[in-house]
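Following this line, the structure appears as structure tokens:
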């Protein structure tokens, strides 16, 4: 059951990544410049309040080290790359086991 859930969420993430690639490509062609929807932009679109609460939650425990180079780089990344990577990881975690052949048990 958990593998099915991993595969299902992984496929949804890959579909969303594909949609974002098409969206970014269309905006890039229309604007004659390279355009990427960042993770920060996508997060603010869905729930801006949680993004504002994330920095005070992370900074006291790890100092500025985890927030400034780490989370800022992740939030500036193209959203399709993060969703695609997450989807591939979930699909790999949810893949079915290969049947054993012969006496290799």
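Residue numbers (the numbering used here): 1 to 105.
Where is the CB? At the ideal position from N, CA and C, for every residue including glycine.
Nothing here was measured: the structure is a model prediction, and the numbers come from that model.
DSSP three-state assignment for residue i, whether helix, strand or coil
i	result
residue 78	strand
residue 33	coil
residue 69	helix
residue 2	helix
residue 96	coil
residue 113	Because the chain spans 1 through 105 in this model, residue 113 falls outside it and cannot be assessed.
C-alpha distance - residue i paired with residue j, whole-angstrom precision
i	j	result
residue 19	residue 90	18 Å
residue 21	residue 80	6 Å
residue 45	residue 4	29 Å
residue 24	residue 17	10 Å
residue 60	residue 73	19 Å
residue 2	residue 94	8 Å
residue 41	residue 75	8 Å
residue 8	residue 64	36 Å
residue 87	residue 96	16 Å
residue 109	residue 14	Residue 109 lies beyond the range of the chain shown here (1 to 105); nothing can be said about it.
residue 54	residue 62	13 Å
Start-to-end residues for the alpha helix (DSSP H) that takes in residue i
i	result
residue 53	39-65
Anticipated Cβ contact below 8 Å, residue i with residue j, distance rounded
i	j	result
residue 66	residue 58	6 Å
residue 78	residue 38	7 Å
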